[in-house]
Structure formats: C-alpha cells, structure tokens
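If you read the sequences in order, they're chains A and B. Going by my numbering, the first sequence opens with residue 1, and the numbers climb by one from there. Going by my numbering, the second sequence opens with residue 1, and the numbers climb by one from there. Working notes for the structure below.
There are 2 protein chains.
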Amino acid sequence: MDEEPGWRRQASPTIYDVAKACGVAPSTVSRAFSRPGRVNAETADRIRRVAAEMGYRTNPLARALPTGKTSLLALLVADVTNPFFFEIIRGAQEAARVAGYTMLVADVEESAEAEKEVLDRVVPLVEGIILATSRLSDSSIRVTAKQRPTIVLNRVMTDIPSVVTDNARGMRRAVEHLAELGHTTITYVAGPEASWADGMRWRSLREAAFELELQTRRIGPFSPTLAGGLAAARTFDDRPTSAVITYNDLLAIGIMRGLTLMGARIPADVSVIGFDNIFGSDFCTPPLTTVAAPLRNLGAFAVKTLLAQLAPNAPRGLRPALLPAQLIVRESTARKGPRLAPWATAAPPPQRSVTKDGNWLP
Amino acid sequence: MDEEPGWRRQASPTIYDVAKACGVAPSTVSRAFSRPGRVNAETADRIRRVAAEMGYRTNPLARALPTGKTSLLALLVADVTNPFFFEIIRGAQEAARVAGYTMLVADVEESAEAEKEVLDRVVPLVEGIILATSRLSDSSIRVTAKQRPTIVLNRVMTDIPSVVTDNARGMRRAVEHLAELGHTTITYVAGPEASWADGMRWRSLREAAFELELQTRRIGPFSPTLAGGLAAARTFDDRPTSAVITYNDLLAIGIMRGLTLMGARIPADVSVIGFDNIFGSDFCTPPLTTVAAPLRNLGAFAVKTLLAQLAPNAPRGLRPALLPAQLIVRESTARKGPRLAPWATAAPPPQRSVTKDGNWLP
DNA sequence: CAAGGGATGGCAATCGGTTGCTGCCCCCCA
DNA sequence: TGGGGGGCAGCAACCGATTGCCATCCCTTG
Chain A
1 MDEEPGWRRQ ASPTIYDVAK ACGVAPSTVS RAFSRPGRVN AETADRIRRV
51 AAEMGYRTNP LARALPTGKT SLLALLVADV TNPFFFEIIR GAQEAARVAG
101 YTMLVADVEE SAEAEKEVLD RVVPLVEGII LATSRLSDSS IRVTAKQRPT
151 IVLNRVMTDI PSVVTDNARG MRRAVEHLAE LGHTTITYVA GPEASWADGM
201 RWRSLREAAF ELELQTRRIG PFSPTLAGGL AAARTFDDRP TSAVITYNDL
251 LAIGIMRGLT LMGARIPADV SVIGFDNIFG SDFCTPPLTT VAAPLRNLGA
301 FAVKTLLAQL APNAPRGLRP ALLPAQLIVR ESTARKGPRL APWATAAPPP
351 QRSVTKDGNW LP
Chain B
1 MDEEPGWRRQ ASPTIYDVAK ACGVAPSTVS RAFSRPGRVN AETADRIRRV
51 AAEMGYRTNP LARALPTGKT SLLALLVADV TNPFFFEIIR GAQEAARVAG
101 YTMLVADVEE SAEAEKEVLD RVVPLVEGII LATSRLSDSS IRVTAKQRPT
151 IVLNRVMTDI PSVVTDNARG MRRAVEHLAE LGHTTITYVA GPEASWADGM
201 RWRSLREAAF ELELQTRRIG PFSPTLAGGL AAARTFDDRP TSAVITYNDL
251 LAIGIMRGLT LMGARIPADV SVIGFDNIFG SDFCTPPLTT VAAPLRNLGA
301 FAVKTLLAQL APNAPRGLRP ALLPAQLIVR ESTARKGPRL APWATAAPPP
351 QRSVTKDGNW LP
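Quick look at the structure:
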C-alpha cells in the first residue's frame, strides 16, 4: 500500500529533496542560497545546479515563518478606480519590484471600515505599509504603525513618515495664474472633509489669495468624483464667480461638464483649475489646467522611504517629504470675461440628460 | 541578565501565549477557533475571550505553511495605468474580499518578461491566479495552470477556464450601428499583435461587415494607448474612411484627438467607435460611442470561477464564459458626411503641438 | 457492576526553511 | 610534533498553527 505516496496538488521539491539528491544536509542547501560565502564554492555550485535541474524554488512562506521576511509590502488606496492613484500604484510597484519586494495593492473603497478590515488582514503578511490618502484617524494610523513600519502618502503626521505633494507651492502658482488673468474672486470646491489634502489646499488658497489681494469663497464638501463635480456645478450656480479651483481633477471635470450643460462656456465664462493632473485631464473638454502632482514619484518615493525604515539602522527621518508640484496650463483657464450667470440667457443650454453617476443617457 | 527578554519588532501573542493564559494546551486554542464544535462550548468561549483581550490574531503565515491555505489570490494585469482594468480590479477585489480572500494585484507593464518574473514570485504565495489580458504564450500559461488553479480573462483557451466579453455580439452591434448611419467602409485600428482580443475583434468585424455588405480595411498594429491613437491618426490620414472602429477606447480617444488636430471634425467627417467603455470615454471630446464591456462583472466573475476551482470537487467547466457587451451610443458617431480628407482644405487645423506621450506642450 | 462509547483535551509530528552551535578536518606555524 | 585556528558541513531547535491519534472522564446501557 505504500507504493503510491499521497500527492498534494503540487509537490514542488524542497531543500530536503535537493539535499538528498546532493548528498548533503538541508542546512547546507539553505546556506548555498542564502549565505553563499558560508559554504564551499564547489559544493554551492553543485547544489545550485542540482536545484535548478529539479526546479527547486524556495518557499516564501516557509522562509517567512522564522525570519519574518515576507518580501511583501502593502499599498492601501482609497479608491482603485480613481485615476489619481494609477501612477502612484505604478511607481510604487515598480520601485518595490526592483527592490525585490512584491506589492500588495488593496482598495478600501473610500471607507474607514473597509480600510480597517483590509489592514487587519494584510498587516501580519507584510513587512511595511503605505497608506495612500487614508481615511483613518491619526490614532488608528498610529496603531498600525506600531505593528509595522508605515508611511502615509498625501497626509502629514508628526510622528509617522509622510510623503506629500507641495500643495502650498502648487496652489500658489494656480492663484498667481488666475490673478494674472484678471480674476478677482476664486471659488474653492472642497473635497471630502476627512481629507487632509483638502484642508491643506483650502488653507493654501486662503493664504495665497490674501497675499495677492483676491477674494475667496468655498463650497462643499463634495465627493471627489465626476458626480460630485456635477453636484458642485449646481451649488456653484447659485453664487458664481469667474474662477474656480477644485479639490481635484475629477471634481473639476465634473463641474466643467455641469456648467457646460447649464450653458456656461469654459473658459470664457468660468476658468477652472484642478489638482493632480490625472489620466484624462488632458483629453476632457476643455483640456484642464491643473496642478500636477508628481504621482509616479510619489509612489516610488514612498516605497523608498519605507524600505529605508525597514533597514536595521532605522534612519527615523520624520520631516515630511515635500515633492514639487507643477502648474500645467491647458485650456480651461482664460482671461476673465465680462459675463456671469445666468448663463442660459446668453446661450441656450444644449439639452441633454445625465445620470447621477455622470453617464449620458442613451 | 535574563529579566530583559530579547524583543522583536512586534511580539504579537501566539496560541501558546493564549494557551498559557487559559491553562490549556495550544491545540485546544487552535481548535477553539478553527473547529468550534470540537471543544467544549464554555472552554471555547473562555479561550476566545482571553484571546480577544490579549489581542491575539492568528498568524496567516503559520497557518498557511502546513495547510497551504494562504487566502491570497493573484490578479495580474497587463498595465495598471490602463483604465480598462480599473473596474476589473475593483470587481475582483470586492468579490475576493467578501469570500474572505485577499487579492494581490500585480502590474506586468505589458511585458511577458515581467509577467514571468511576477508569476515566479507570486505563484507560491497564492491559492489561485487570474491572468487578465496576459501577454504570455499559451504554453507558458499552461505551465502556470499546472501549479495553481488559473483563470484567463479576455482570452480563450481550450484547456483553461476563461472569462471573456462577447466581442462578436458587441462588434456586430457596432457595425450595424455604422451601417444604419450610412457608412459603407470601416477602418479597423488594430491593437497589439499578441492580443487575443484584437484578433477576435478583427475577425468579428470581418464577419459582420461581410453579412451587412460593407467594406473593411485594417491598419496597425498600434500600441493600445493615447499615443498609439495619435500615430494611428497619421496612418489613417493616408487612406481615410468615413468610419473607424478601434481595438480599444484609448486608441479611439487618441485617434479622435489626432484627427481633430489635423482639421477633421468628429463625427461629421469621421465616425469613431471604441471598445470597452473605459473611464474617460464619456468625457473625452466628443464623448465616445463604444462597445461596453461588463468590466466589473468580468473581474467578479473571474474570481467566482476561480473560487469554484478551488473547491475540492473541482467542477471543471471549461467552456469559456461569455459576458454580454453593450453598445453605448454617444457623440462620436453620426450619419456619413460627404467630406473626406484632406481635411485641412476645409478647416484650418488649430495649430498646437503634442508630445509623444500625448500631452499638450505648454 | 462492567463494558461501551461519546465528549474533551493533550501529545507530538508536520509544514519548509533558517541559524546558533558543535565537530571535524586540514593547514600553518612555533 | 603539537597546538591554534580557519573553513566547512551537520545537528537540532525554532517560527506558529494544524491535526491524527491517544488518554481521560463520565455517562449510558445491558
């Protein structure tokens, strides 16, 4: 009865198999891979040859158990379908890959609940965590950071390493741009209240406007999505201004679309500036003037910072890393025109209906 | 000297700690969680209470080593920055999460090399794999499938479970739509040669056109990106037709933009239909008529199929799952106009420069 | 009252590497 | 010739949970 050994789905060879085939001890095989100098060069070579022949691959689970080195990093993003994260993910994955790490990207669907759940699941698996635009409270983040090295992206915390875009400088450039075009009052379309970046951008706007002697106004909060922008357009229509800066590009694209439907012309009637320079901001109508975040770099930099934390001689640099933003002028901004709402009196609104999630009805 | 026990970064409690605190054996603690009926209800309750108090969390690595259950699934996508995948990722992550699995999303940057490397790294960690738009050869995929249950998305293989959009039906609808608008010749703008979907779409176009007595033409291959579309516009300009169907939306948006820069009006001069209904296809200029793939469902369905494979009584349904596509008519298609190239004679092209990756120059 | 059996809990092996320590061999140098 | 030391390989414990098997205990039943 013992000629047919029980088989599992995939009996890949182990160091024990390799050891037997080579006539050495398992520990020697292990060291042949993980500590090359520790074993005779010839022996090591032979072991590696045989191992390759047998198709041996070291089992990451087994390695991770005693050492804790899973070679896994986690990146939690608020919303994978938000283009803001695309290049961040790319940059992070790439950086992780070249460093020999695998990136575990998880979507938390804009919910603190889901974020906690995902964290619970992921924390024990990974060596480090990047929280991109977390919706968690500072204290929740600290709890996580106590368990694994953690980096926050797009948010500043005093006791956790953070990587952010230089919002203040970017906002300053945007405001200057509008001022040069003759605008005197700027409406800020706010994003989620829980968002650190939103508060930061609004404050920076206030400051810049104050220095340049412009007026500001604020509407919101709105969901940072196309649909949110559509809603913002309706609110904005009550007290319009000639210039708008939005929390992010999605909101900007949405508000442009909403205003256009109401009969406004962009940029002739209203100039709009977004934030982040996401995918699509260059081919929307009109192409959007926006404060470009160094997205890819943001992701890559976060990984590098995290990896640095992982090193035994933890550097502990806690000053937030400020990555430069850049104003990209496209076609949604223009010299201030004479006309303000109601737009409909000037141009009949192209009649068309839009569903609540921002799609055209057939 | 032994009062200060060596500490590791995070000594989370183990079943041994819990066992000691409860005065029972570790195995009992283990069973209290994994096999509730097997241990006295009171004991189990007490153990669970103490465990909760101590903040015990079962270590997934340790559990996975003997059992092989990592509760991890892998989703490999050709390009995370391609919006085609956004909703697929969402759908897949969501489905995995509710099933108690964590999804490991990996970007392979459109390269078979990178795909292999990522697979090597990921295969031993996960219980199953979803290959979305793989650039691998059939035989490479089979090798992977031998190691772990594997599902291919957007590609049909006879011996591996696959989930695809019903391209033929979708293409048929698109061609009918163009025929109704009076178009007689359709140019197909091809995507990557290695793409199964590209071949499928082109064949379906041929068939549909044949039945409806239309002419077809084919240009390409082009990279399935905005930049690819810009290049396609130049090629198309040599032998223009009044209708274009592209391999995907990105290509469609790119070619629309390219043609517009050359002075063509869309849809008056050229009607364009894309494929996939990606993020952005509704707010580009003009909003794109496209064959909508059930993206979110595609992802969710793939996960469900994979999970089914994981069950011990493997169903082994090998007929590819065809998910229905839908034609979304927006504003990039219109009745065939009288005018063909050269466009420039009719309308002076708005002079503007575009960088090779499709951004406007400042 | 004894045999049988279900309910509970413990023992110990196991998953596949890693690593501290030991032991052996050989070479070098005094 | 003997002692010291470096190079190399093996032994065995360990990471933390799972699980087959055995030992108890107590209750039931003939």
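The C-beta atom is built at its ideal place from N, Cα and C for all residues, glycine as well. Keep in mind it's a predicted model, so treat the numbers as computed, not measured.
Here L310 of chain B has E127, G128 and P149 as same chain residues with Cβ atoms under 7 Å from its own Cβ, once five neighbours each way along the sequence are excluded.
Only residues of its own chain outside the window of five on either side were considered, and among them F85, I88, I89, V105, A106, D107, V108, A132 and T133 have a CB closer than 8 Å to the CB of V77 of chain B, listed in chain order.
The way I'd put it, the stretch 209 to 223 of chain B does touch the stretch 188 to 196 of chain B; three or more beta-carbon pairs between them come closer than 8 Å. Here A334 of chain B has L181, P267, A268 and S271 as same chain residues with Cβ atoms under 7 Å from its own Cβ, once five neighbours each way along the sequence are excluded.
Classified as exposed, L318 of chain A has fewer than 16 neighbouring CB atoms from the shown chains inside 10 Å of its CB. Its chain contains M157 as the residues whose beta carbon lies nearer than 7 Å to that of D138 of chain A, once the 5 sequence neighbours on both sides are disregarded; these appear in chain order. Per DSSP, the unbroken beta strand (DSSP E) holding M103 of chain A starts and ends at T102 to D107. Under the 10 Å beta carbon count, S242 of chain B is surrounded by 16 or more other beta carbons and is classified as buried.
Listed along chain A are L61, A62 and L65, each with a C-beta nearer than 8 Å to that of L65 of chain B. Sixteen is the threshold: since fewer than 16 other Cβ atoms of the shown chains lie within 10 Å of the Cβ of K146 of chain A, the residue is exposed. Look at I89 of chain B: its C-beta is under 7 Å from a C-beta on chain A. At a cut-off of 7 Å between C-beta atoms, G280 of chain A counts as an interface residue with respect to chain B. The straight-line gap separating the alpha-carbon atoms of A114 of chain B and T184 of chain A is approximately 52 Å. Taken through DSSP and simplified to helix, strand or coil, Y247 of chain A comes out as coil.
Close partners of V29 of chain B in chain A (Cβ separation under 9 Å) are lacking, with about 17 Å as the shortest Cβ gap.
Interface residue (Cβ-Cβ distance to chain A less than 7 Å): D107 of chain B is classified as such.
It is roughly 13 Å from the alpha-carbon of F210 of chain A to the alpha-carbon of M171 of chain A. Take A233 of chain B, set aside five residues on each side of it, and the residues of its chain with a beta-carbon closer than 6 Å to its own are I255, G258 and L259, in chain order. Shown here for R35 of chain A: not one same chain residue has a beta carbon closer than 8 Å to its own, the five before and five after excluded.
Distance from the CA of F301 of chain B to the CA of Q93 of chain B, rounded to the nearest whole angstrom, comes to 11 Å.
The beta carbon of I273 of chain A does not come within 7 Å of any beta carbon belonging to chain B, so the residue lies off that interface. Between V175 of chain B and A208 of chain B, the CB-CB gap stays under 7 Å.
Cβ-Cβ separation between A325 of chain A and R169 of chain A: approximately 6 Å, consistent with a contact (criterion under 8 Å). Within the same chain, and ignoring the five residues on either side of L73 of chain B in sequence, the residues whose Cβ sits closer than 6 Å to its Cβ are A96, Y101, M103, V126 and G128.
DSSP, read as helix, strand or coil, puts I160 of chain B in coil.
Under DSSP, C22 of chain B takes part in no beta bridge, so it has no partner. C-alpha of N313 of chain A to C-alpha of R142 of chain A: approximately 21 Å in a straight line. Comparing alpha carbon positions, the residue from B:A179, B:R173 and B:I130 closest to I160 of chain B is B:I130.
Beyond the five residues adjoining it in sequence on each side, T225 of chain B comes within less than 6 Å, by CB distance, of L250 in the same chain, given in chain order.
The beta carbon of T260 of chain B sits no closer than 7 Å to any beta carbon of chain A.
Interface annotation for the stretch 280 to 299 of chain B against chain A: G280, D282, F283, C284, T285 and P287, criterion Cβ-Cβ distance under 7 Å. Three or more Cβ pairs closer than 8 Å define a contact, and the stretch 41 to 48 of chain B falls short of that threshold against the stretch 37 to 53 of chain A. When CB distances to chain B are screened at a threshold of 7 Å, the residues of the stretch 80 to 104 of chain A falling below it are V80, T81, P83, F86, E87, I89, R90, Q93, T102 and L104, in chain order.
Taking 7 Å as the cut-off between beta carbons, none of the residues of the stretch 188 to 206 of chain A comes near chain B. For the stretch 106 to 127 of chain B, residues whose beta-carbon sits nearer than 9 Å to a beta-carbon of chain A comprise A106, D107, E109, A114, E117, V118, D120, R121, V122, V123, P124 and L125. Residues of chain A with a Cβ closer than 9 Å to the Cβ of I255 of chain B do not exist, since the nearest Cβ in that chain sits about 12 Å away.
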